[in-house]
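In this note's numbering, the protein residues as written are 7 to 323. Every residue, glycine too, gets a C-beta built ideally from N, C-alpha and C. Please read these numbers as outputs of a predicted model, since none were measured by experiment. All remarks here apply to the structure that follows.
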Amino acid sequence: MVSSGIDLHVVEDKKKERTARFLRGLKSKRDKSQTQYQYLERNSELINIIRVQMQMSEAMDACIRRRLMQLATRRMCELTDIPQISLGLLNSVFKTDFSHEKSYIHWKSRQALVLEELLCYSTNAVAPEHLTAKCSLEKIRNSKVLSTIKHVALKLSSLHGHVSIESENYYWTTGYHLNIRLYEKLLLGMFDVLDEGQLIEEADEFLTHIKLTWTKLGITEKIHHAIFGWVLFQQFAATDEATLLEHAILELQKVTSAENDNEEERLYIDSLACSRECDGAEIKLSLLEAIRISISIWCDSKLQDYHLHFSQMNLLL
Numbered sequence: 007m008v009s010s011g012i013d014l015h016v017v018e019d020k021k022k023e024r025t026a027r028f029l030r031g032l033k034s035k036r037d038k039s040q041t042q043y044q045y046l047e048r049n050s051e052l053i054n055i056i057r058v059q060m061q062m063s064e065a066m067d068a069c070i071r072r073r074l075m076q077l078a079t080r081r082m083c084e085l086t087d088i089p090q091i092s093l094g095l096l097n098s099v100f101k102t103d104f105s106h107e108k109s110y111i112h113w114k115s116r117q118a119l120v121l122e123e124l125l126c127y128s129t130n131a132v133a134p135e136h137l138t139a140k141c142s143l144e145k146i147r148n149s150k151v152l153s154t155i156k157h158v159a160l161k162l163s164s165l166h167g168h169v170s171i172e173s174e175n176y177y178w179t180t181g182y183h184l185n186i187r188l189y190e191k192l193l194l195g196m197f198d199v200l201d202e203g204q205l206i207e208e209a210d211e212f213l214t215h216i217k218l219t220w221t222k223l224g225i226t227e228k229i230h231h232a233i234f235g236w237v238l239f240q241q242f243a244a245t246d247e248a249t250l251l252e253h254a255i256l257e258l259q260k261v262t263s264a265e266n267d268n269e270e271e272r273l274y275i276d277s278l279a280c281s282r283e284c285d286g287a288e289i290k291l292s293l294l295e296a297i298r299i300s301i302s303i304w305c306d307s308k309l310q311d312y313h314l315h316f317s318q319m320n321l322l323l
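As structure tokens, then:
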């Protein structure tokens, strides 16, 4: 009898333990599911904020995202660069996707400008291909020419990068001028459209999503800090918001305090050549030098204004 009682208690304890374990498992799955749902919901909210900041309509955003998903599905095993994305959209977005024909023509012309920048005016020109692309781009509204442009873009996309950095493609250096402008535009989306002197509340999360474009636009961490510092400085100059200057200084300090680049990255950054007119002569600069000199020239102009104003005040006294 005693033995039976002990056995009964043991069986009941095991049942309780299994039940508790089962309930813990259910709770863990429920918590995990809830966390995933919250993450997806937050991510959806952030994507919508980015859409609003970039001033895209809901209809246009939905259309472009749908077409990009289709493009990504077809090209799962292929490298995709900016010309391939533009051409993919030109082949899959139609007049019927727009409420007005004028909007469609305007959108199509913008895609043509992107392709023109990358295929016709890149720094390392491949003469025959660029000439072919330029002739075809003049007729971009004619769908028959897209196959010609696509052939040129594919040929250029297959060329090796300039310095063989991981993930580098042909357009990192040849189209860097457009890549930098696109990246600046993305960074400007972090500012409040109603108060350009303020960053939006979701700026950090916004920036995390922007960094996903690095491999497409040829952005490294050092280049990011330099461009972000430049964008912050420009916003400070436009709004006189002192905190933006503080942020700009911090970003530019990260450029100078960063660990030494490997040889390939150093060569890549130095290859991003800019030109600037100084004292009537054109000088060649690297991207980082151009940013520093542009800031220096702005500061010098402000100091000259101050000295002129100060001298006038002395005369009045």
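{"Item": "Specify the secondary structure class of Cys126 as computed by DSSP and reduced to three states.", "Value": "coil"}
{"Item": "How many angstroms separate the CA atom of Gln310 from the CA atom of Ser63?", "Value": "45 Å"}
{"Item": "Specify the secondary structure class of Ile225 as computed by DSSP and reduced to three states.", "Value": "coil"}
{"Item": "Glu257 and Gly235 look like a contact to me (Cβ under 8 Å); what is the Cβ gap, rounded to whole Å?", "Value": "3 Å"}
{"Item": "Would you kindly work out how many angstroms separate the C-alpha atoms of Ala159 and Thr249, rounded to a whole number?", "Value": "43 Å"}
{"Item": "Quick one: Cα of Ile229 to Cα of Glu270, how far?", "Value": "14 Å"}
{"Item": "Taking the alpha carbon of Ser59 as the reference point, which residue from Asp201, Phe242, His157, Ile233 has its own alpha carbon closest?", "Value": "The identity of residue 59 in the sequence shown is Gln, whereas the question assumes Ser. Checking every option, the nearest Cα to that of Gln59 belongs to Asp201."}
{"Item": "Taking 6 Å as the limit between beta carbons, can you name the residues of its chain near Lys308, skipping five residues before and five after?", "Value": "none"}
{"Item": "By DSSP, does Trp304 sit in helix, in strand, or in coil?", "Value": "helix"}
{"Item": "Can you name the start and end residues of the alpha helix (DSSP H) that Asp381 belongs to?", "Value": "This structure leaves residue 381 out entirely; the chain is present only between 7 and 323."}
{"Item": "Pick helix, strand or coil for Ser50, following the three-state DSSP scheme.", "Value": "helix"}
{"Item": "Starting from Lys290, trace the beta strand (DSSP E) in both directions and tell me its first and last residue.", "Value": "287 to 292"}
{"Item": "Would you call the CB atoms of Leu93 and Glu208 closer than 8 Å?", "Value": "no"}
{"Item": "Have a look at Val261 and Ala232 and give me their C-alpha separation to the nearest angstrom.", "Value": "6 Å"}
{"Item": "Assuming Leu160 is part of the alpha helix (DSSP H), what are its boundary residues?", "Value": "152 to 163"}
{"Item": "Can you check which of these residues, Tyr182, Gly203, Leu165, is closest to Thr245 by C-alpha distance?", "Value": "Gly203"}
{"Item": "Are there 16 or more other CB atoms within 10 angstroms of the CB of Arg272, so buried, or fewer, so exposed?", "Value": "exposed"}
{"Item": "Give the range of the beta strand (DSSP E) segment to which Gln204 is assigned.", "Value": "201 to 205"}
{"Item": "Taking Glu190 as the reference, which of Ile303, Leu213, Leu77 has the closest Cα?", "Value": "Leu213"}
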